[in-house]
Amino acid sequence: MATQRFADIPPARRRMLAVSAVIQFALLAAALIDIRRRPQEQIRGPKRLWAALAFVNFAGPAAYFIVGRKRHAGPPAGTQG
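With our numbering applied, the sequence shown covers 547 to 627.
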């Protein structure tokens, strides 16, 4: 199988790849920043594990934001707390 150069890819597909890369790096950065700032008690599992998993495509950061963060029970909506 021959490899394809980036310059040989059609412009529409190049834009799609560039947008995907920007989204991927933004999700990665957001996940890593959140992992670093959030206390261990608010994260399910070890922080180092989630930091490593954040580097796995789109799935790693998405899994962290969906599963890895604990939901804290705050005051009910509409009440002062």
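Don't be surprised by glycine CBs; every beta carbon is placed ideally from N, CA and C.
Just so we're clear, the structure is a prediction, and the values are computed from it rather than from any experiment.
Item                                                                                                            : Value
First through last residue of the alpha helix (DSSP H) which encompasses Lys593                                 : Lys593 to Leu599
Other residues of its chain near Gln586: CB distance less than 7 Å, five sequence neighbours each side excluded : Lys593
Bridge-paired residues (DSSP) for Arg615                                                                        : Ile589
Element boundaries [alpha helix (DSSP H), containing Phe571]                                                    : Pro557 to Arg583
Start and end residues, alpha helix (DSSP H) containing Ala548                                                  : Premise fails: Ala548 is in no alpha helix (DSSP H) and is neither H nor E.
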